[in-house]
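A.B. asks: Mind looking over this structure? Questions follow.
Residue numbers (UniProt numbering), protein chains in the order written: chain A, 1 to 156; chain B, 1 to 793.
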């Protein structure tokens with residue numbers, strides 16, 4: 001077992017983990033952050049995406065020990081007093097159906113918009129390439145991200 | 001003194017979904033989130049072989065691994081090794097092999113379950129699989145369907161003596177009718193289309209938790225399932241646990257698309273072992289397990305022949321299918337082709353129809369329902385061959401369709417397959433779609449680009465589809481030998497505080513039932529949408545239901561909601577009349593308020609009536625307290641959504657890459673309850689249908705190795721792989737249900753595949769291409785084009 005200190009959604013967790021423990025399993029099973037989900041075993045689907053020190057990462061492709069000393073934001077910690085504009089936009093534009101890809105999709109979109117606050121449709125599609133959705137056909141996800149970009153710029 | 005603001009009609013409004021709050025903040029209850037004290041985690045050893053004898057199986061080594069409590073092969077499991085049920089024996093002489101949860105001596109597809117381990121954690125259970133000793137002796141595998149039905153083929157089930165599961169025929173006009181129609185034809189076009197194998201690939205992997213720790217000794221099963229009600233019946237029958245001791249819960253379920261319409265081996269195993277050991281058993285599949293062990297879809301060889309006069313009047317249609325069952329039969333495996341059987345004639349009028357289907361066993365994962373289940377296959381074949389016929393006749397493909405489709409004034413219309421379509425307006429949907437698409441302009445551009453020899457050619461693909469959905473009238477299902485019914489249930493309770501519980505037997509997994517069902521009840525009861533709580537997916541709180549598949553939830557379940565709501569209002573009316581001292585007939589009910597006709601100052605809101613029904617101080621003599629009602633509705637008939645889908649495709653003749661330039665669809669699903677949800681359903685269906693056309697295909701090698709057994713190998717499209725869509729609608733209400741609704745869950749998936757392939761073929765027609773295999777990956781298109789250029793095809 002290895003000791004790790006990881007801040008998850010603003011709370012510092014000091015835990016013992018098996019060295020092989022994936023960050024996603026650490027989050028789900030040891031910290032109880034079950035909002036972050038597992039969708040595949042080949043890092044193809046992006047359902048497990050979190051923010052690792054502010055940048056999106058697939059938490060199935062990071063060992064918990066690699067995240068030692070880092071700060072993780074999951075879907076459960078994204079909202080402050082109000083929802084993050086990306087969350088609000090996904091609801092407004094019906095950017096989710098079953099919701100399983102949604103935590104990862106939202107956090108990828110947050111990272112995308114922090115890198116490119118004014119993305120074109122093509123840039124949104126490319127930026128979300130690592131996240132699979134089986135329900136929406138992406139049409140309304142793309143709309144959601146475009147709306148969130150507008151909201152975050154203070155426009156509307 | 002109205003107690004509440006006037007009710008605004010909820011039906012038809014694009015209300016934002018109630019479900020989203022929990023899904024967007026990670027407060028969702030997925031089955032894999034459930035952690036129970038003392039639970040054992042199950043891991044399954046699966047066959048790496050397509051077909052083999054198990055010559056040695058020793059599970060004892062697994063017991064030495066840390067945390068392991070038990071390990072089982074078929075021998076150790078004994079009587080607990082239940083068989084996966086098939087509830088649709090389509091013919092009396094159908095060959096139905098045993099499908100034990102753990103294989104008995106022989107594995108018949110890659111992923112077949114061989115042994116299992118129970119341990120304290122999922123990781124310990126997975127580790128301990130290494131301790132199981134298993135030896136296989138390879139048997140010849142049969143993968144190709146044509147090979148499987150040849151004499152001398154290796155047999156999937158040697159004790160059955162054949163790979164044929166069944167032969168089914170439908171000749172509504174009698175034997176020889178098609179041949180007679182064909183004899184009058186000037187043109188006959190025949191094709192074989194390969195409707196390839198697909199994997200549902202819902203995003204939430206399957207998961208099961210079975211706990212015997214319930215009060216009064218009941219066994220609770222949480223499962224990522226579409227069908228908690230159906231599952232309870234089947235688990236009771238298979239495991240022998242008394243049905244009234246089984247509680248099945250479908251918590252939040254992350255997509256299904258038919259893939260979670262099943263009674264899976266793993267569900268049977270978890271229940272049987274939890275019951276035996278008295279401990280909770282939990283299992284969650286990995287994605288790679290999912291790809292080989294969750295049932296697959298499609299996989300049909302379609303020989304289709306169409307006969308017409310030289311001016312394009314259709315005379316007859318003959319369809320001969322070979323349908324891949326896979327290695328075993330699951331819940332409705334054999335019935336899937338029959339759901340398409342009635343739909344090959346689609347929207348067209350003709351004189352004769354002849355259908356046959358041979359179900360075939362192969363050493364592959366069993367097939368079963370996948371979004372559309374039979375109708376995407378039929379729609380693909382008919383819409384593809386309509387384009388081929390148009391080409392043969394030298395007719396514009398839309399003109400050929402117009403010449404033959406059922407005109408709006410001809411409804412209700414009984415088709416050559418024997419179904420009666422209640423309503424439709426193909427002209428209106430097509431006119432609207434063609435205008436949105438700028439059809440004529442694109443045709444002109446196509447002519448110009450063909451003339452200029454543009455290396456990127458433009459193709460236009462059409463699909464004027466219809467489908468049957470809203471499964472289904474129980475008598476019809478009975479006539480087709482399906483063992484269950486097709487009704488749906490709803491209970492509505494108006495609680496003392498005026499809040500409403502709506503209990504539905506449908507079981508959502510992304511469709512937004514909580515929102516849409518609230519809208520229906522809101523209008524019926526005159527109670528705000530936000531005051532209505534939809535309760536679903538738990539056989540204890542919602543004991544009756546037939547669940548969600550086949551675009552049935554609204555078309556059938558909606559009727560039960562409406563009727564239960566009407567019954568509530570009928571009862572409330574009696575109470576209101578009693579208390580307002582008038583006859584029930586003298587009351588009008590509007591926006592949730594009963595008013596005395598001619599004396600509108602005398603009124604009572606339905607919420608107030610609910611409290612009176614609860615206190616029961618002053619009810620009419622003989623009327624039972626509480627304000628609630630239930631309804632179980634058996635649908636009168638199917639409903640028939642339709643629409644016109646148009647795809648403009650840019651095909652690079654040098655690389656074979658096909659890029660969708662625009663996709664327009666106008667769907668007619670009758671009255672829409674929530675247009676926002678409807679649009680989302682269409683988008684998702686389009687994506688899956690387009691994915692079949694362009695990207696996806698489950699591939700086996702000749703030994704039965706699944707080569708597409710992960711999401712890295714099976715191409716579920718990502719956002720850059722798909723375009724935005726132009727969607728619109730016409731509204732021709734269904735006449736078979738009082739809400740006038742049809743289904744929408746499968747429409748996009750059914751309609752889009754042929755539109756896409758027709759577009760590619762249309763682009764390449766000048767080069768002599770008259771078919772492109774699916775998925776039309778660049779390499780496939782390039783090869784097809786090259787073969788045609790060399791005169792090979």
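We treat Cβ as the ideally placed atom computed from N, Cα and C, and that holds for glycine.
Strictly below 9 Å CB to CB, what residues from chain B border residue 154 of chain A?
C.D. replies: In chain order: nothing, as chain B lies at least about 22 Å away.
A.B. asks: Tell me the DSSP secondary structure of residue 226 of chain B in three-state form.
C.D. replies: Reduced to three states, the DSSP call for residue 226 of chain B is coil.
A.B. asks: Return the CA-CA distance between residue 138 of chain A and residue 719 of chain B, expressed in angstroms with no decimal places.
C.D. replies: When rounded, the distance between both Cα atoms is 6 Å.
A.B. asks: Excluding the 5 residues flanking residue 151 of chain A on each side, which residues of the same chain have their C-beta closer than 6 Å to its C-beta?
C.D. replies: Contacts found: 85.
A.B. asks: What residues from chain A crowd round residue 391 of chain B, counting only those whose CB sits closer than 7 Å?
C.D. replies: Ordered by position in chain A, no residue passes the 7 Å Cβ test against residue 391 of chain B, which lies about 30 Å from the chain.
A.B. asks: Can you tell me whether residue 572 of chain B is buried or exposed? The criterion is at least 16 other CB atoms within 10 Å of its CB, across all chains shown.
C.D. replies: Label assigned to residue 572 of chain B: buried.
A.B. asks: Reducing DSSP to helix, strand and coil, say where residue 320 of chain B ends up.
C.D. replies: Looking at residue 320 of chain B - three-state DSSP - the assignment turns out to be strand.
A.B. asks: Does the region 455 to 471 of chain B come close enough to the region 523 to 533 of chain B to have 3 or more Cβ pairs within less than 8 Å?
C.D. replies: As far as the Cβ criterion goes, the region 455 to 471 of chain B does not touch the region 523 to 533 of chain B, which means the pair count is below three.
A.B. asks: Would you give the residue range spanned by the beta strand (DSSP E) that residue 131 of chain A belongs to?
C.D. replies: Looking at the DSSP string, residue 131 of chain A is not in any beta strand (DSSP E), and its letter there is neither H nor E.
A.B. asks: Find the residues of chain B that neighbour residue 91 of chain A, judging by a C-beta separation of less than 8 Å, and give them in chain order.
C.D. replies: Chain B residues near residue 91 of chain A: 16, 17, 20, 21 and 24.
A.B. asks: When you compare only the Cα positions, how much space is there between residue 156 of chain A and residue 117 of chain A?
C.D. replies: Its pLDDT being 45, under 50, residue 156 of chain A is placed unreliably in this model, and the value from its coordinates should be taken loosely. Using only the alpha carbons, I get a separation of about 14 Å.
A.B. asks: What residue ranges within the region 639 to 714 of chain B form continuous alpha helix (DSSP H) runs of no fewer than 4 residues, ordered along the chain?
C.D. replies: Runs of the alpha helix (DSSP H) inside the region 639 to 714 of chain B: 675 to 694.
A.B. asks: Please report how far the alpha carbon of residue 384 of chain B lies from the alpha carbon of residue 103 of chain A, in whole angstroms.
C.D. replies: Distance between the alpha carbons of residue 384 of chain B and residue 103 of chain A: 39 Å.
A.B. asks: What did DSSP end up calling residue 18 of chain A once you bin it into helix, strand or coil?
C.D. replies: Residue 18 of chain A falls in the coil class under three-state DSSP.
A.B. asks: Comparing C-alpha positions only, which one of A:14, A:41, A:30 and A:94 sits nearest to residue 515 of chain B?
C.D. replies: Among A:14, A:41, A:30 and A:94, the Cα nearest to that of residue 515 of chain B belongs to A:94.
A.B. asks: Go ahead and pull the three-state DSSP assignment for residue 4 of chain B.
C.D. replies: With a pLDDT of only 44 at residue 4 of chain B, under the threshold of 50, the placement of this residue in the model should not be trusted; the figure read from the coordinates follows. Residue 4 of chain B: coil per DSSP, three-state reduction.
A.B. asks: Any beta carbon of chain A sitting closer than 8 Å to that of residue 282 of chain B?
C.D. replies: No, because no Cβ of chain A sits closer than 8 Å to the Cβ of residue 282 of chain B.
A.B. asks: Using 8 Å as the limit for Cβ to Cβ distance, is residue 30 of chain B near chain A?
C.D. replies: At least one chain A Cβ lies under 8 Å of residue 30 of chain B.
A.B. asks: With 8 Å set as the bound, which would you pick, yes or no: does the beta-carbon of residue 39 of chain A sit closer than that to a beta-carbon of chain B?
C.D. replies: Output row for residue 39 of chain A: interface = yes.
A.B. asks: Leaving out the 5 sequence neighbours to the left and right, which residues in its chain are closer than 6 Å to residue 157 of chain A when beta-carbon positions are compared?
C.D. replies: With chain A covering 1 to 156 only, the question about residue 157 of chain A has no answer from this structure.
A.B. asks: Can you confirm whether residue 126 of chain A, when its beta carbon is compared against all beta carbons of chain B, has any partner nearer than 8 Å?
C.D. replies: So, interface residue.
A.B. asks: Using a Cβ cut-off of 9 Å, which residues of the region 138 to 153 of chain A contact any Cβ in chain B, in chain order?
C.D. replies: Residues 138, 139, 140, 141, 142 and 143.
A.B. asks: What residues in its chain sit with their C-beta under 6 Å from that of residue 612 of chain B, if we drop five residues either side in the sequence?
C.D. replies: 575.
A.B. asks: Hey, does residue 365 of chain B have any beta-carbon neighbour from chain A nearer than 8 Å?
C.D. replies: Output row for residue 365 of chain B: interface = no.
A.B. asks: How about residue 467 of chain B and residue 375 of chain B: are their beta carbons less than 8 Å apart?
C.D. replies: Cβ atoms of residue 467 of chain B and residue 375 of chain B: closer than 8 Å.
A.B. asks: Taking the C-alpha atoms as reference points, what is the distance between residue 1 of chain B and residue 594 of chain B?
C.D. replies: Residue confidence is low: residue 1 of chain B scores 33 on pLDDT, short of 50, so the model does not pin down where it sits. Its coordinate-derived value is still stated next. Roughly 12 Å between the two C-alpha positions.
A.B. asks: Shortest alpha-carbon distance to residue 56 of chain A belongs to which of A:69, A:78, A:40 and A:42?
C.D. replies: The residue with the shortest Cα to Cα distance from residue 56 of chain A is A:78.
A.B. asks: With distance defined between alpha-carbon atoms, name the residue in B:340, B:578 and B:325 nearest to residue 622 of chain B.
C.D. replies: If we check each option's Cα against that of residue 622 of chain B, B:578 comes out closest.
A.B. asks: Tell me whether the region 741 to 760 of chain B and the region 657 to 671 of chain B touch, counting them as touching only if at least three CB pairs, one residue from each stretch, are closer than 8 Å.
C.D. replies: Yes, they touch.
A.B. asks: Which parts of the region 165 to 247 of chain B are runs of the beta strand (DSSP E), unbroken and 3 residues or longer, counting only runs that do not cross its ends?
C.D. replies: Counting only runs of 3 or more, we get 187 to 198, 207 to 211 and 219 to 223.
A.B. asks: Less than 6 Å between C-beta atoms, sequence neighbours within five positions excluded: which residues of the same chain meet that for residue 556 of chain B?
C.D. replies: So the list reads 470, 488 and 635, once near-sequence residues are dropped.
A.B. asks: Is it a yes or a no for the region 716 to 733 of chain B touching the region 345 to 365 of chain B, going by three-plus beta-carbon pairs under 8 Å?
C.D. replies: Output reads no: the region 345 to 365 of chain B does not touch the region 716 to 733 of chain B.
A.B. asks: Tell me the rounded alpha-carbon separation between residue 413 of chain B and residue 646 of chain B.
C.D. replies: Each residue's Cα considered, the two are about 25 Å apart.
A.B. asks: Evaluate the contact criterion for the region 502 to 516 of chain B versus the region 9 to 26 of chain B: three or more CB pairs, one atom per stretch, below 8 Å.
C.D. replies: Yes: the two stretches touch, three or more of their Cβ pairs being nearer than 8 Å.
A.B. asks: Can you check whether the CB of residue 281 of chain B is closer than 8 Å to the CB of residue 270 of chain B?
C.D. replies: Yes.
A.B. asks: Give me, in chain order, the residues of the same chain whose beta-carbon lies closer than 7 Å to that of residue 184 of chain B; leave out the 5 immediate sequence neighbours on both sides.
C.D. replies: The residues are 315.
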